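Report on the structure given below.
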Amino acid sequence: MVEELNSGKVMYGFCRVKDPNSGLPKYVLVNWTGEGVNDVRKGACANHVSTVANFLKGAHVTINARAEEDVEPELIMEKVAKASGANYSFHKESNKFQDLGPQAPVGSVYQKTNAMSEIKRVNKDNFWAKAEKDEENRRLEEKRRAEEERQRLERERRERELQEAAGREQMFKARSSEIEAQKRLQQQQEAENRDREQQQWKEQAEEYEARQRKGFKRSESVEKAQEAATLIAQRAVNPRDIFKQKERAAPGDAAMPAQPGKLRSPFLQKEVNSVPSPASPSRDVWESPPASSVPAAGRDSGYNSGVPVSHMEENLYEEPPEPSAIYEEPPQEQVDDVKYDYRVEYQEPPDLTGKGLCARALYDYQAADDTEISFDPENIITNIEMIDEGWWRGYGPDGHFGMFPANYVELIE
């Protein structure tokens, strides 16, 4: 077998030898790895040893050999002898059953009773019985104590749960009462808010009605002023023409010699004796003629043409005329004046020259931010820019420039 092993290969050998100790056959497995085998091959074949051993079952000794010296018969037999369980031979044990002659008599097994030893033995048994009893009592006591401890813990747990339940119940009641109080407060606040909103709506409605009444009164005043202007325009006699006729007649009277006498001027007499005439419709926004309240038959005596008073006195100073020459206004004309008494509240219009497009506020408006302006009714807004259909921009009464809603104002022509 040694001659068949190649130093450049990995080979396996299986042989049977006789155990020199017992004479029994033994099987030897030889793993041959030659010295010329490369390392890669050695690593790959190292895992094949267990597979070959399973295949060649019954091997008692396994020898790993790399050279011929490792597989010498003497070395293999030495390893087999060392691997055997015991170095004995069946043939060497034949002397064991040889007859050795008569034996000595066997002694008796009787022993004398010893009282002290017996007492000691009994005491020892009592001691262990007592020890066992004490141990049993100790276990029972520990068990009882454990049961008492468990009952105590259970009792404490129940008490703690009852306390926690009572605390939760109290907390729930407090929370419920707090929620009820919050609900009542919220309902009260909602009722107050509703009352406040109703009051605000009521005030806004009253304010709106007041504005409507004010606008209605203004429209009534405008209609009355228009009606008065229409009536005045329909009069047949123009007081300016009558006054011009009196002026043309005045130079003929001035040619008479001047005589001392009392100044008899219809103008002065009217200023002293006549009842104060009602307010002239000229105070209206359309500036009707100033003589609108003077009756048609006597306008020549009350018309002020703007001639200086001194010049008028020079022309009208004359000899006291007959009482028939003094003009007296018919009393029935006063009724006509009262009939056409249209008094319109007049306010001097503000000077809007050089202020661009202007408008008068119809309602009050409060600015929502810095880009808007605030104003009250009747305020004047100047330099208006119509940047949008619904929103304009201009200077408010406080001089602030900003936007405002276009439907809150009316343009001033």
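Per the UniProt record's numbering, the very first residue in the sequence shown carries number 1; after that it's consecutive. All residues carry an ideal CB built from backbone N, CA and C; glycine is no exception. Remember, predicted model here, so these are calculated numbers, not experimental data.
{"query": "At which residues does the beta strand (DSSP E) containing Gly43 begin and terminate?", "result": "Unbroken run through Gly43 is the alpha helix (DSSP H), Asp39 to Cys45; no beta strand (DSSP E)."}
{"query": "Would you mind sorting Thr353 into buried or exposed? The rule is 16 or more other CB atoms within 10 Å of its CB.", "result": "exposed"}
{"query": "Determine, using beta carbons only, whether Val80 and Asp19 come nearer to each other than 8 Å.", "result": "yes"}
{"query": "Among Asp398, Gly13 and Glu35, which has the Cα closest to the Cα of Leu56?", "result": "Gly13"}
{"query": "Report, in whole angstroms, the separation of the C-beta atoms of Glu35 and Ala67, which I expect to be a contact under 8 Å.", "result": "7 Å"}
{"query": "Between the Cα of Glu77 and the Cα atoms of Asn47, Asp376, Asn21 and Arg213, which residue gives the shortest distance?", "result": "According to the sequence provided, residue 77 is Met. The question's Glu does not apply to it. When only C-alpha atoms are compared, the closest one is Asn21."}
{"query": "Starting from the C-beta of Met386, find all residues in its chain whose C-beta is less than 6 Å away, skip the five residues before and the five after it, and write them out in chain order.", "result": "Trp392"}
{"query": "From Lys202 to Tyr395, what does the alpha carbon distance come to, in whole angstroms?", "result": "32 Å"}
{"query": "For Ser176 and Arg157, what's the separation of their Cα atoms in angstroms?", "result": "28 Å"}
{"query": "By DSSP, does residue 479 sit in helix, in strand, or in coil?", "result": "Residue 479 lies beyond the stretch modelled for the chain, which goes from 1 to 413, so this question has no answer here."}
{"query": "Need the endpoints of the alpha helix (DSSP H) that Pro20 sits in, please.", "result": "Pro20 -> no alpha helix (DSSP H), and no H or E assigned at all."}
{"query": "Whose CA, out of Glu410, Asp398 and Asp376, lies closest to the CA of Gly390?", "result": "Glu410"}
{"query": "Could you spell out the range, first to last residue, of the beta strand (DSSP E) harbouring Ala361?", "result": "Ala359 to Ala361"}
{"query": "Roughly how many whole angstroms lie between the Cα atoms of Ile373 and Lys173?", "result": "55 Å"}
{"query": "If you follow the beta strand (DSSP E) that Val409 is in, where does it begin and where does it stop?", "result": "Val409 to Leu411"}
{"query": "Just grab the DSSP bridge partners of Met11 for me.", "result": "Trp32"}
{"query": "Among Ile381, Glu178, Glu148 and His60, which has the Cα closest to the Cα of Tyr27?", "result": "His60"}
{"query": "Exposed or buried, Glu74, counting other C-beta atoms within 10 Å across all chains shown (16 or more means buried)?", "result": "exposed"}
{"query": "Would you identify the three-state DSSP class for Thr382, choosing helix, strand or coil?", "result": "strand"}
{"query": "Rounded to whole angstroms, what is the Cα-Cα separation between Asp351 and Asp195?", "result": "45 Å"}
{"query": "Give the secondary structure of Asn64 by DSSP, where H, G and I count as helix, E and B as strand, and everything else as coil.", "result": "strand"}
{"query": "Quick check: the Cα distance between Glu413 and Val222, rounded to an integer number of angstroms?", "result": "16 Å"}
{"query": "In angstroms with no decimal places, state the Cα-to-Cα distance between Arg139 and Gly58.", "result": "59 Å"}
{"query": "Do the CB positions of Lys355 and Asn383 come within less than 8 Å of each other?", "result": "yes"}
{"query": "Which whole-angstrom value describes the C-beta separation of Ala367 and Gly402, a residue pair presumed to lie in contact below a C-beta threshold of 8 Å?", "result": "7 Å"}
{"query": "Quick check: what's the CA-CA separation for Glu72 versus Val30?", "result": "11 Å"}
{"query": "Cα separation between Gln226 and Gln200?", "result": "38 Å"}
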